[in-house]
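Trainee: Numbering-wise (our numbering), the sequence shown opens with residue 40 and increments by one.
Virtual Cβ for every residue (Gly too), placed ideally from N, Cα, C.
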Amino acid sequence: MTSTIKVDRREGWTAITLNRPDRLNSFNEEMHRALAAALEEAADESCRAVLLTGEGRGFCAGQDLSDRVGKDGPPDLGYTIETFYNPLVRRLRALRKPVVCAVNGVAAGAGANIAFACDIVLAARSARFIQSFAKIGLVPDSGGTFFLPRLIGEARAKALAFTAEPLSAEKAEQWGLIWKVVDDDKLMAEAEALTAHFATQPTQGLALIKEAMQASSANDLDTQLDLERDLQRQAGRTPDYAEGVRAFMEKRQAVFTGRTK
């Protein structure tokens, strides 16, 4: 693993930290590849939850624009998105476990939208979310045009994208963009505790909840009802469902394993 990403494997979960603090953890190709490798490792069944955060005073400032300096001709930004950003967002959404994001400072451009691609976002009170693309004549990417209208509505999404105005963590929570605002000095302790909690829960059930929620915006009611039926059938056949019922009947705390069989 390169130094652009720090990976801390805990009991049942993994903390992944973007580690280019001198560049506000902005992405270059090396960091993209290192993060892809870390998430690939985290897909293993032994890891039951993931925490994503940034080193230093910012979460992620998006693309490192200096990474493009000195190259001949206009850049093919579509290639960069197809090669790095789109696979990253798809990987986060496809992980069969909760992904918690702790936004410890500015989250700008792709950095903001990568946070929104995670399952649960906690933000430091000082954090800011910025759709900075319009400042340099670009379009929100990394799922920005997908997540923003669905989370806060078209009017607010367009205003954030057109103006590139910073959105405070408090306002992001009020609008439903994130789960919770936490005092700066308490952010990591709360994020780690939440991720550790998820690592003790029925992992397969949580994965099926994630699948159902992510499918709902594209489904009509009948399709979603059928999906709930199918996923519930799967959930009912997991060892954790059997353990949960036994624990309920025996009036004790359930001990979930997260296993598929």
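Helix, strand or coil for M40? Go by DSSP, reduced to three states.
Mentor: With a pLDDT of only 47 at M40, under 50, the local geometry of the prediction cannot be trusted, and the value read off the model is given with reservation. Reduced to three states, the DSSP call for M40 is coil.
Trainee: Relative to the C-alpha of M70, which residue among L57, E79, A81, A156 is closest?
Mentor: L57
Trainee: Is it the case that the Cβ atoms of C99 and G150 are separated by a distance below 8 Å?
Mentor: With respect to G150, C99 sits close: the two C-beta atoms are nearer than 8 Å.
Trainee: Take every Cβ of the segment 132-139, pair it with every Cβ of the segment 234-244, and state whether three or more of those distances are shorter than 8 Å.
Mentor: yes
Trainee: Between S171 and F123, what straight-line distance do the alpha-carbon atoms span, to the nearest angstrom?
Mentor: 19 Å
Trainee: Quick check for students: name the residue ranges of the beta strand (DSSP E) that lie wholly in the segment 194-280, counting only runs of 3 or more.
Mentor: Complete beta strand (DSSP E) runs here, min 3: 219-221.
Trainee: Counting beta carbon pairs with one atom in the segment 41-60 and one in the segment 79-99, are three or more of them shorter than 8 Å?
Mentor: Segments in contact, yes.
Trainee: Check K174 in the structure and name its three-state DSSP category.
Mentor: helix
Trainee: What is the C-beta distance between N152 and G182, in whole angstroms, given that I count them as a contact (C-beta under 8 Å)?
Mentor: Rounded to whole angstroms, the Cβ separation of N152 and G182 is 5 Å, and the two are in contact under 8 Å.
Trainee: Quick one, are the C-beta atoms of R195 and A156 less than 8 Å apart?
Mentor: No, these two residues do not count as a Cβ contact at 8 Å.
Trainee: Which of the three DSSP states, helix, strand or coil, is assigned to L161?
Mentor: strand
Trainee: Look at the alpha carbon of A76 and the alpha carbon of S65, and state the distance between them as a whole number of angstroms.
Mentor: So the two alpha carbons sit approximately 17 Å from each other.
Trainee: Enumerate in chain order the residues of its own chain whose CB-to-CB distance from K210 is below 8 Å, with the five nearest sequence positions on each side excluded.
Mentor: Nothing meets the Cβ criterion.
Trainee: Evaluate T202 with the Cβ neighbour count: other Cβ atoms within 10 Å of its Cβ, from every protein chain shown; 16 or more gives buried, anything less gives exposed.
Mentor: exposed
Trainee: Classify P113 as buried or exposed, calling it buried when 16 or more other Cβ atoms lie within 10 Å of its own Cβ.
Mentor: P113 comes out exposed.
Trainee: Assuming G183 is part of the alpha helix (DSSP H), what are its boundary residues?
Mentor: Annotation: the continuous alpha helix (DSSP H) that includes G183 extends over 183-191.
Trainee: Rounded to whole angstroms, what's the CA-CA distance from N258 to E250? Just pull it up for me.
Mentor: 12 Å
Trainee: Would W52 and L90 be called neighbours here (beta carbons separated by less than 8 Å)?
Mentor: yes
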